[in-house]
Amino acid sequence: MQAVPVVPLVQSDDPATAVQVSRALAAGGLTVAEVVFRTDRALECLQAVAEEVPEMIAGAGTVLTAEQANAAVDAGAKFIVSPGLDDGVVATAKARGVPVYPGIVTPSEVQHAHNLGLDVVKFFPASIAGGVPALKALSSVFRHMRFMPTGGVSPGNLAEFLAVPAVLACGGSWLTPADAIAKGDYDQISTLAREAVEIARQARGEQK
């Protein structure tokens, strides 16, 4: 995850479309994506991406139950992301041998995640939960934890989030706009991915 500091969200009800979106993201330099469980055919979309886009490390997002976590791993998910902190989801992912990144907002949730054996959590919804100042406050106390802010992250604030040393990566839905997907404008998705990669490179002082 460290090598790809921006994780786009892929949301589709059509496996072929999910594959095209994932290929476009990979072409733009983003090779980790979160296929979110927000549609009836999300599991099929995840499986299609896992099987047909080998250059993409595909995970499952918006995983709410242990049953969904099991199904996601069966479909090829390489990691699990949840909007909240659920012991059953965490236990299932760990038992299946895949990383899990549960959503947190409060210090109590971060501490609970740590006590479950985790060292990376999703900070969600980042923008309305305090943004960068909140992340800095949490990371000053939980110095062993890494964070993945998601929710309200955009090209305008991506660099600010990534400049926080405790931030491992940022999640973003802006990379896969619904209008571009509806039009089949996958070049736009690749362009957005390349722009995000460049913002991340500059924010972290990396050389081309």
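The working numbering numbers the first residue of the sequence shown as 1121 and each following residue consecutively. Here a beta-carbon is modelled for each residue, glycine too, at the ideal position from N, C-alpha and C. All of these numbers come straight from a predicted model, not from anything done at the bench.
For the alpha helix (DSSP H) that contains residue i, what are its first and last residues?
i, result
"A1138", "P1135 to A1147"
"K1303", "A1298 to K1303"
"L1278", "L1278 to L1282"
"I1248", "I1248 -> no alpha helix (DSSP H), and no H or E assigned at all."
"V1230", "P1227 to N1235"
Taking its Cβ as the centre, do 16 or more other Cβ atoms sit within 10 Å of residue i, making it buried, or is it exposed?
i, result
"V1126", "buried"
"S1132", "buried"
"Q1322", "exposed"
Using CA coordinates, which residue listed in the options is at the minimum distance from residue i?
i, options, result
"G1149", "P1203, I1319 and D1207", "I1319"
"M1268", "G1291, M1176 and V1209", "G1291"
"R1143", "N1277, D1207 and A1170", "A1170"
"N1190", "E1175, P1174 and F1157", "F1157"
"M1265", "I1248, A1249, F1243 and N1277", "F1243"
"A1123", "T1226, V1152 and G1251", "V1152"
"S1293", "P1245, V1261 and A1323", "P1245"
"T1311", "L1282, T1137 and A1147", "A1147"
If you follow the beta strand (DSSP E) that residue i is in, where does it begin and where does it stop?
i, result
"E1172", "No beta strand (DSSP E) holds E1172; the alpha helix (DSSP H) holding it covers A1162 to E1172."
"F1223", "The sequence shown places Gly at residue 1223, rather than the Phe named in the question. Start and end: V1220 to I1224."
"E1154", "V1152 to V1156"
If I'm right that residue i touches residue j with Cβ under 8 Å, what's the distance once you round it to whole angstroms?
i, j, result
"L1205", "H1234", "At roughly 11 Å, the Cβ-Cβ gap does not stay under 8 Å, so L1205 and H1234 are not in contact."
"L1145", "A1313", "5 Å"
"M1193", "A1168", "According to the sequence shown, residue 1193 is Val rather than Met. In fact, because the Cβ distance is near 16 Å, the residues do not count as touching under 8 Å."
"V1230", "V1220", "About 15 Å separates the two Cβ atoms, so there is no contact after all."
"S1247", "P1222", "At roughly 19 Å, the Cβ-Cβ gap does not stay under 8 Å, so S1247 and P1222 are not in contact."
"A1316", "L1278", "7 Å"
"V1210", "L1184", "Rounded, the Cβ-Cβ distance is 12 Å, inconsistent with contact."
"V1261", "P1227", "7 Å"
Counting beta carbon pairs with one atom in the stretch 1177–1184 and one in the stretch 1193–1204, are three or more of them shorter than 8 Å?
The count of Cβ pairs closer than 8 Å, one atom from the stretch 1193–1204 and one from the stretch 1177–1184, reaches three, so the stretches are in contact.
Does the structure place the stretch 1278–1293 close enough to the stretch 1250–1258 that three or more beta carbon pairs sit under 8 Å?
Cβ pair count under 8 Å is three or more, so yes.
If you pair each beta-carbon of the stretch 1265–1282 with each one of the stretch 1302–1310, do three or more pairs fall below 8 Å?
No, they do not touch.
Would the stretch 1212–1219 and the stretch 1164–1171 be scored as touching if the rule is three or more Cβ pairs under 8 Å?
Counting Cβ pairs under 8 Å, fewer than three are found: no touch.
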